[in-house]
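S.K.: Taken in order, the sequence shown gives residues 4 to 277; the numbers are from this note's numbering.
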Amino acid sequence: MKLFVTDIDDTLSVGDRVSDEVVDACNRLREAGWDIAIATGRTYGSAAGHARSIGATVPAILYDGARVMTLEGEEVHSELFDPVLAEQVLRFLWALPVEVQLTGDESVACRATDLETIRFYLSTGCTPYLMEAPHIPGPVYRVAAWVEVEQRDQVEGALVRAFGGQCEICAGGPQFLDVLPLGVSKGSALERLIEVLPESPELVVAAGDHMNDFELLRRADLSAAPVNAHERLLTQADIVMPEALDHGVQALVEHLLSPNFEPIRRRGGEPLRL
């Protein structure tokens, strides 16, 4: 089998709708015998529609790697945050000028003042639990912050100084910072996913655009990133494809299905530009 794993936001799509061009391309890839998976920071509830639209065939990597779930929403693998450490991270973020998020079992907790977080999750059909003081209301997979773009590097640096070596800290987008259990990433979850597949893929191709995709791309056989991806991902990419607005996944699939396709690793050198 061959496996294509793709990030959602700003790789597969912009927003909640996957373009017809990308949907058609994924259908052709699947008809050619490939399996397809999503790897995202989203919850199952906010990612399932994307997975269905592209005809995903194997379990999804969710919560930036803290959870793997079947397309029916059943858990395959998970990594929970130590509740004491999760509360320490939460209290640290609570004191900063950021929005805070706790990701639980298909649930999100935040403050009433965290308006961007509330707006996003309500749009996915999830009503956040509102906290009046920092506490851990239940099992936690991830602690996250929504930050202004100009503050992200400063907040990330503060988190690394306070919690580096105790947990994983990475940017999940221009305004998102994710804090995960130590060793957890989309890349580690890819390895857990492969363990439960009926056979080991002969080729894994992964696509992503931001730092929460770095380990996913590093552990794939062949990696692809949109032209507007984070600069560190572009150094990791074997293939640079058009951005999501220009249906980059469509271009990548056309390359994978080309009779002249060869899975040549170019990372560290000059990538193939589609």
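The beta carbon of each residue, even a glycine, is placed where N, CA and C say it ideally should be. Everything numeric in this text was worked out from a predicted model, so none of it was measured.
1) Pick from A227, R235, A42 and G271: whose alpha carbon is nearest that of L255?
2) Would you please state the rounded distance, in angstroms, between the beta carbons of G52 and N30? I believe it to be under 8 Å.
3) Among A136, D85, A192 and L118, which has the Cα closest to the Cα of Y66?
4) Could you give the residue range of the alpha helix (DSSP H) that holds L180?
5) Nearest-angstrom Cα distance between R55 and G68?
6) Can you grab the Cα-Cα spacing for the pair N263 / E257, in whole Å?
7) Does DSSP classify D212 as helix, strand or coil?
8) Tell me, which residues are paired with Q104 by DSSP?
9) Can you tell me which of the three DSSP states C113 falls into?
10) Thinking C-alpha only, which one of R268, L185 and P274 is nearest L88?
11) D12 to A232, Cα distance in whole Å?
12) What are the start and end residues of each continuous beta strand (DSSP E) run of 3 or more residues lying completely inside the segment 233 to 260, in chain order?
13) Report the residue from Q104, L125, Y47 and L219 whose alpha carbon sits nearest the alpha carbon of V207.
14) Decide yes or no for the touch test of the segment 198 to 217 against the segment 162 to 180: beta carbon pairs closer than 8 Å, at least 3 of them.
15) Taking a contact to mean a Cβ-Cβ separation below 8 Å, would you say G36 touches K5 in this structure?
16) To the nearest angstrom, how far is the alpha carbon of D249 from that of D19?
17) T43 lies in the beta strand (DSSP E); which residues open and close that run?
18) DSSP on I2, reduced to helix/strand/coil?
19) When the distance is taken between beta carbons, is L180 closer than 8 Å to V158?
20) Between which residues of its own chain and R235 is the CB-CB distance below 8 Å, once the five residues before and five after are set aside?
21) Quick check on A59: does DSSP put it in helix, strand or coil?
22) State buried or exposed for I39, treating a residue as buried only when at least 16 other CB atoms are found within 10 Å of its CB.
23) Determine the burial state of P131: buried for a count of at least 16 other Cβ atoms within 10 Å of its Cβ, exposed for fewer.
M.R.: For this structure:
1) Counting from 1 along the sequence shown, the entry for residue 255 is found at position 252. Closest by alpha carbon: A227.
2) On the sequence shown, position 49 is the one that residue 52 refers to. On the sequence shown, position 27 is the one that residue 30 refers to. The Cβ separation is near 16 Å, so there is no contact.
3) As a first step, residue 66 is located in the sequence shown; it is residue number 63 there, counting from the start. Of the candidates A136, D85, A192 and L118, the one whose C-alpha sits nearest the C-alpha of Y66 is A192.
4) In the sequence shown, counting from the first residue as 1, residue 180 sits at position 177. Counting along the chain, L180 falls outside any alpha helix (DSSP H), though it belongs to the beta strand (DSSP E) covering F179 to P184.
5) Counting from 1 along the sequence shown, the entry for residue 55 is found at position 52. Counting from 1 along the sequence shown, the entry for residue 68 is found at position 65. R55 and G68: Cα-Cα distance of roughly 19 Å.
6) Here residue 263 refers to the residue found at position 260 when the sequence shown is read from its first residue. Here residue 257 refers to the residue found at position 254 when the sequence shown is read from its first residue. Cα to Cα, N263 sits roughly 11 Å from E257.
7) In the sequence shown, residue 212 corresponds to position 209, counting from 1. Residue state, collapsed to three classes: coil.
8) Walking along the sequence shown from the start, residue 104 turns up at place 101. DSSP lists A147 as partners of Q104.
9) Taking the first residue of the sequence shown as 1, we reach residue 113 at position 110. DSSP places C113 in strand when its eight states are reduced to three.
10) Counting from 1 along the sequence shown, the entry for residue 88 is found at position 85. Of the listed residues, the one whose Cα sits closest to L88 is L185.
11) Taking the sequence shown and counting its residues from 1, the one referred to as residue 12 is at position 9. Taking the sequence shown and counting its residues from 1, the one referred to as residue 232 is at position 229. So the two alpha carbons sit approximately 11 Å from each other.
12) 242 to 244
13) Numbered from 1 along the sequence shown, position 204 holds the residue referred to as residue 207. Nearest of Q104, L125, Y47 and L219 to V207, Cα basis: L219.
14) yes
15) The residue you call residue 36 lines up with position 33 of the sequence shown. The residue you call residue 5 lines up with position 2 of the sequence shown. Cβ atoms of G36 and K5: closer than 8 Å.
16) Residue 249 sits at position 246 when you count from the first residue of the sequence shown. Residue 19 sits at position 16 when you count from the first residue of the sequence shown. The alpha-carbon atoms of D249 and D19 are separated by roughly 16 Å.
17) Working through the sequence shown from its first residue, we reach residue 43 at position 40. Per DSSP, T43 belongs to no beta strand (DSSP E) and is neither H nor E.
18) Shown here, the chain extends from 4 to 277; a query on residue 2 therefore has no answer.
19) Taking the sequence shown and counting its residues from 1, the one referred to as residue 158 is at position 155. Taking the sequence shown and counting its residues from 1, the one referred to as residue 180 is at position 177. Yes, the pair counts as a contact, with Cβ atoms nearer than the cut-off.
20) The residue you call residue 235 lines up with position 232 of the sequence shown. Contacts found: M214 and F217.
21) Taking the first residue of the sequence shown as 1, we reach residue 59 at position 56. DSSP places A59 in coil when its eight states are reduced to three.
22) On the sequence shown, position 36 is the one that residue 39 refers to. So I39 ends up on the buried side.
23) Here residue 131 refers to the residue found at position 128 when the sequence shown is read from its first residue. It is buried - the Cβ of P131 has at least 16 other Cβ atoms within 10 Å.
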